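Trainee:
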Amino acid sequence: MAGGSKKSRPGAEVAKAALERMERPSDDDPDGQAEYDALAAEANGENVDDNGFNIDAFNRQFAVVPIGSRAVILWEKPDAPPEEQLQFLQISAFQTIYQNRFTEVLGADRKPKWKTQANAWLDSPRRRDFRGLEFFPDPAGTEGTPGFYNLWRGFSVDPRRGGSYAIFRDHILTNVCGGSEKTYAWFFGWFAQMMQLPREKPGTSIILRGPMGAGKTKIGEVFGSLIQAHYFQIDNPRYLIGQFNSHMAACLFLQADEAVFAGDKAAEGHLRGLVTSERQMVESKGIDPIRLPNYIRLMMTSNFDWVVPAGKEERRFACFDIAPHAKQNHEYFREMTEELDAGGREALLYDLLTFDLSKVNLREIPKTAALLEQKIRSFDPVEQWLYDRLHEGAIIDRGVAWPKAVECEALYKSYLATAEQMGIRYRVSQISFGMKIGHLLPGIDRVRRQVTDETGANVARRWFYALPPLADCRAAFDEQVGQRSDWGAIDDPE
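Each residue of the sequence shown is one higher than the one before, counting from 2 in this note's numbering.
#1: In terms of DSSP beta bridges, what is Cys474 paired with?
#2: Inspect the CB distances between the stretch 147-160 and the stretch 222-231 and report whether three or more fall short of 8 Å.
#3: Please state the DSSP three-state secondary structure of Gly180.
#4: Is it right to say Tyr99 is buried, meaning 16 or more other beta carbons lie within 10 angstroms of its own, or is it exposed?
#5: Quick one, which of Met423, Trp403, Trp122 has its alpha-carbon nearest Trp386's?
#6: Report yes if the CB atom of Gln484 is closer than 7 Å to the CB atom of Leu441, and no otherwise.
#7: Helix or strand or just coil, what does DSSP make of Ser9?
#8: Could you tell me which residues DSSP pairs with Phe89 in its beta bridges?
#9: Which residues does DSSP pair with Arg298 in a beta bridge?
#10: What separation, rounded to the nearest whole angstrom, lies between the Cα atoms of Cys474 and Gln194?
#11: Take Val223 and list the residues in its own chain whose beta-carbon comes closer than 7 Å to its own, dropping the five residues that flank it on each side.
#12: In this structure, what does DSSP give as the bridge partners for Val66?
#13: Considering just the uninterrupted stretch of the alpha helix (DSSP H) at Asp171, what are its terminal residues?
#14: Verify whether the separation of the beta carbon atoms of Phe254 and Arg292 is less than 7 Å.
#15: By the DSSP assignment, the alpha helix (DSSP H) with Glu408 in it spans what residues?
#16: Please identify the residue among Pro160, Ile56, Lys112 whose C-alpha is closest to the C-alpha of Leu354.
#17: From Phe188 to Thr205, what distance separates their C-alpha atoms?
#18: To the nearest angstrom, report how far apart Pro443 and Leu468 are at their CA atoms.
#19: If distances are taken between C-alpha atoms only, which option among Asp322, Arg390, Thr277, Asn362 comes closest to Lys202?
#20: Using the rule of at least 16 other Cβ atoms within 10 Å of the residue's Cβ for burial, across every protein chain shown, is Ile173 buried or exposed?
#21: What are the boundary residues of the alpha helix (DSSP H) that includes Val223?
#22: Give the DSSP-derived three-state secondary structure of Arg449 in the structure shown.
#23: State the start and end residues of the unbroken beta strand (DSSP E) segment that holds Ile207.
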């Protein structure tokens, strides 16, 4: 019977010496874990029975908490990777882990009997229990709801002046913000708000696009290292939109690397909801889903042309193109890391916590060239067709002067031809096309005109679009998009 033999436990000093020589066992070694915990308890002067069972050691790792309609075991593993530091087990699974380790207890008849250590802990009045689960991040250390298990683990470093993160600041200012101090203040303020007011979502997310090796992932890693237990980095969309998302329960900063959602209608709604929704459903495999507050800030990095479905009036996605100035510059990033490790992270956190948030409006995203490109790549077929026509400076045929009027049928056929070339299966009707054009170019009028043949004789009355000048059409389109496009050197032909 494993753990059943009587043996004396070492004294505290002997236990401390044994711990120093012993490596921390892995999670798949319960015997080794139990021995390690028993030694740690003995070293701390805690009460350990002759079979190595210790209530305090179990309470440090485990707790019973109700989730949904059932009670589950909460398992804390502080030395595990961040995404594995908290795990929920069904009670039967917890019992299986310790079913080969026993301890001697007094039965109801006051006679000694053997019981598994799992059941001994479950039956103990000293067992750690919680009334529920919550995520209540607070930089000041304010406690959450009494009796509830708070998933917040605080900052990974202590804020402190004196260190330097000058290279990291230069990387953001020069390579991300194009040297603009105003844009840098918004970018830095976005992370400062996360540290100062973690329970108040800004309603925006950051998109970093650029070539591999340019240092876009590094930015998230550095800021994430300040809240290591609440920072998660994923490289597959299923971890964001999949059914089982327990890693989201304690997530404050989520970095999605090379995750491509653009054009995925199923993911688009979830993505937008993640940025702005106040609550989220969190589900572990085999455990009832629970609803928790959603404090997640999202940053996506990609080297793809189209990263996010950005609307013409986009307010959620702040898009930045990272310049390739530091691409594959290993010395630059090595020096950056050394500076951060030498007190730079502490100084960075200090500046984030003392940043004046009144200097920036985080709900008004910077109008960057990267944002405009994401909007253009998110156009529907009619919008894309009109944008191309305005960019060419020709409403139908290249090289033909911008007309004052064009036949409605001819304009619709131009759209259909373009849609066919692009392989678009669904094409809007002529009525829907006309409504869309009228919305994009408010100055356009639909008029009926007499059509004549080459002799000047009247042939028929047909519908035409009366067009404003090209410059006016471009300005109207810019207003609809919310940003000014670079229309090039094409002039409005007379």
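Note that CB positions come from ideal geometry on N, CA and C, so glycine has one too.
Keep in mind it's a predicted model, so treat the numbers as computed, not measured.
Mentor: Let me lay it out:
#1: According to DSSP, which records beta bridges pairwise, Cys474 is partnered with nothing at all.
#2: Yes: at least three Cβ pairs fall under 8 Å.
#3: The answer is coil: DSSP assigns Gly180 none of H, G, I, E or B.
#4: It counts as buried.
#5: When only C-alpha atoms are compared, the closest one is Met423.
#6: Against a cut-off of 7 Å, the Cβ pair of Leu441 and Gln484 comes out as no contact.
#7: Summary for Ser9: the model assigns pLDDT 40, below 50, so the residue's position carries little reliability, and this model does not support an answer.
#8: Answer by DSSP bridge pairing, in chain order: Leu75.
#9: Beta-bridge annotation (DSSP): Arg298 is paired with Phe254.
#10: If I take the Cα positions, the gap works out to 40 Å.
#11: Cβ within range, chain order: Phe169, Leu341.
#12: Under DSSP, the beta-bridge partners assigned to Val66 are Val73.
#13: Going by DSSP, Asp171 is part of the alpha helix (DSSP H) stretching over 167-171.
#14: Cβ distance not < 7 Å, so Phe254 and Arg292 don't count as in contact.
#15: That residue, Glu408, is in no alpha helix (DSSP H); its beta strand (DSSP E) goes 406-408.
#16: Nearest of Pro160, Ile56, Lys112 to Leu354, Cα basis: Pro160.
#17: Rounded to the nearest angstrom, the two C-alpha atoms are 11 Å apart.
#18: Their backbone Cα atoms lie some 10 Å apart in a straight line.
#19: Looking at the Cα atoms, Thr277 is the closest of the given residues.
#20: By the 10 Å Cβ count, Ile173 comes out buried.
#21: 217-225 is the extent of the alpha helix (DSSP H) around Val223.
#22: Of the three classes helix, strand and coil, the one that applies to Arg449 here is strand, per DSSP.
#23: Here the beta strand (DSSP E) through Ile207 covers 206-210.
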